[in-house]
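Each residue of the sequence shown is one higher than the last, beginning at 3 in my numbering.
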Amino acid sequence: MTLRPLLQVTGLRAGYGLGEVLRGVDLAVGPGELLAVLGRNGSGRSTLLQATMGLLPARGRVRLDGTDLGPLAPHRRARLGLGYVAAHRAVFDRLSVQQNLQLGILPARPDAPRPGWTESRVLDRFAPLRQRLHAPGWALSGGERQLLAIARTLLGNPRALLLDEPTEGLAPRQVDATAALLRQLRDDGMGIVLVEQRLQFALDLADRVAVLGDGRIEFTGSPAELGERDAVSARWLAP
Ligand SMILES: Nc1ncnc2c1ncn2[C@@H]1O[C@H](COP(=O)(O)OP(=O)(O)OP(=O)(O)O)[C@@H](O)[C@H]1O
Ligand SMILES: [Mg+2]
Numbered sequence: 003m004t005l006r007p008l009l010q011v012t013g014l015r016a017g018y019g020l021g022e023v024l025r026g027v028d029l030a031v032g033p034g035e036l037l038a039v040l041g042r043n044g045s046g047r048s049t050l051l052q053a054t055m056g057l058l059p060a061r062g063r064v065r066l067d068g069t070d071l072g073p074l075a076p077h078r079r080a081r082l083g084l085g086y087v088a089a090h091r092a093v094f095d096r097l098s099v100q101q102n103l104q105l106g107i108l109p110a111r112p113d114a115p116r117p118g119w120t121e122s123r124v125l126d127r128f129a130p131l132r133q134r135l136h137a138p139g140w141a142l143s144g145g146e147r148q149l150l151a152i153a154r155t156l157l158g159n160p161r162a163l164l165l166d167e168p169t170e171g172l173a174p175r176q177v178d179a180t181a182a183l184l185r186q187l188r189d190d191g192m193g194i195v196l197v198e199q200r201l202q203f204a205l206d207l208a209d210r211v212a213v214l215g216d217g218r219i220e221f222t223g224s225p226a227e228l229g230e231r232d233a234v235s236a237r238w239l240a241p
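1) Unbroken beta strand (DSSP E) runs of length 3 or more, entirely within the segment 148-193: which are they?
2) From the DSSP output, in three-state form, read off D28 for me.
3) R231 and L36: beta carbons closer than 7 Å?
4) Counting Cβ pairs, one atom from each stretch, are 3 or more of them under 8 Å apart for the segment 11-28 and the segment 152-163?
5) So, using beta-carbon positions, are A75 and G56 closer together than 7 Å?
6) Does ligand 1 have even one heavy atom less than 6 Å from the beta-carbon of R47?
7) Under a three-way DSSP split, which group does E121 fall into?
8) Would you mind listing the beta strand (DSSP E) stretches within the segment 87-121 that are 3+ residues and don't spill past its ends, in chain order?
9) For L228 and A181, what's the separation of their Cα atoms in angstroms?
10) Which of the three DSSP states is assigned to Q10 in this structure?
11) If you count every other CB in all the chains shown that lies within 10 Å of the CB of W102, and 16 or more means buried, which is it?
12) Using a threshold of 7 Å, state whether the C-beta atoms of G46 and L214 are closer than that.
13) For A226, which of helix, strand or coil comes out of DSSP?
14) Cutting at 7 Å between CB atoms, please list the residues of its own chain near R134, excluding the five before and the five after it.
15) Consult DSSP for P130 and reduce its assignment to one of helix, strand or coil.
16) Alpha carbon to alpha carbon, what distance is there between Y18 and R218?
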């Protein structure tokens, strides 16, 4: 772990109504690091990303490069450089691809990554979107929606990115393309928190893994260290 984490979550508690799903979650990701958050279905991985983004009421601390995001609404967190791509790949169905992309553009920040993501750079990197620039959101395939959701978030030039199951429903070729993209973003210095159901995909990409179970992080370490801890996998990851 780097000395100063880019994104640091401490003692995070969140849930729905009276039911607490996260009961004090701690995690940290550095610049240029990909952390995979693993856990069973229903273990609270999506809740963790949503609470970190400020989409759910939560107690505890979320810091981005030392700044406490505690009281800030999601759009303020985005402006400070926290990106989030939801599992459902929110796309505005009645807006064109181009209009969807333009919604992701945020005011430039002095600390934004260089070179920054602009509309033309995004369309170069995500060629299928250029071909569909004027298509309405509703006409996109699942894979195109995923590209659009990620591309729109990149246009906000996040320093840290929360990704919820980006490969869900994708064809193998698209899964490989997603892996290549995540490697590129990580190598560019982004800190990435990846929630992913495909275990091998996550382990291949991750610098570190965190296992969520029973409302807390039960294990953190390298993918190789997780491989040596059969008991952790059996207790918290096995179906
Ligand atoms: N809007 C909601 N209202 C009430 N309970 C919810 C809501 N969303 C999730 N939960 C519950 O919170 C717990 C954690 O759900 P969450 O979606 O965070 O898990 P997950 O690890 O992302 O699982 P998966 O993506 O496989 O469904 C589950 O018990 C789930 O039923
Ligand atoms: Mg989920």
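All residues carry an ideal CB built from backbone N, CA and C; glycine is no exception. Every value quoted in this text rests on a predicted model; they were computed, and no experiment measured them.
On the basis of the supplied data:
1) Listed in chain order, the complete beta strand (DSSP E) runs (minimum 3 residues) inside the segment 148-193 are 162-166.
2) Position 26 of the sequence shown, counted from the start, is the residue given in the question as residue 28. D28: strand per DSSP, three-state reduction.
3) In the sequence shown, the residue the question calls residue 231 occupies position 229. In the sequence shown, the residue the question calls residue 36 occupies position 34. Cβ atoms of R231 and L36: not closer than 7 Å.
4) Segments in contact, no.
5) Residue 75 sits at position 73 when you count from the first residue of the sequence shown. Residue 56 sits at position 54 when you count from the first residue of the sequence shown. Cβ atoms of A75 and G56: closer than 7 Å.
6) Here residue 47 refers to the residue found at position 45 of the sequence shown. Result yes, Cβ under 6 Å from ligand 1.
7) In the sequence shown, counting from the first residue as 1, residue 121 sits at position 119. Here DSSP, grouped into helix, strand and coil, assigns E121 to helix.
8) Correct list: empty.
9) If you number the sequence shown from 1, residue 228 lands on position 226. If you number the sequence shown from 1, residue 181 lands on position 179. Cα to Cα, L228 sits roughly 20 Å from A181.
10) By 1-based counting over the sequence shown, the position of residue 10 is 8. Of the three classes helix, strand and coil, the one that applies to Q10 here is strand, per DSSP.
11) Residue mapping note: residue 102 aligns to position 100 of the sequence shown, counting from 1. Reading off the sequence shown, one finds Asn at residue 102, where the question assumed Trp. With 16 or more Cβ atoms within 10 Å of its Cβ, N102 is classed as buried.
12) Residue 46 sits at position 44 when you count from the first residue of the sequence shown. Residue 214 sits at position 212 when you count from the first residue of the sequence shown. Taking a C-beta distance under 7 Å as the contact criterion, G46 and L214 qualify as a contact pair.
13) One-based indexing of the sequence shown puts residue 226 at position 224. Residue state, collapsed to three classes: helix.
14) Stepping through the sequence shown from its first residue, residue 134 is reached at position 132. Same-chain partners within the cutoff: V99, L142, E146.
15) One-based indexing of the sequence shown puts residue 130 at position 128. In the structure shown, the three-state DSSP call for P130 is helix.
16) Within the sequence shown, residue 218 is the residue found at index 216, counting from 1. Within the sequence shown, residue 18 is the residue found at index 16, counting from 1. Computed Cα separation, rounded: 16 Å.
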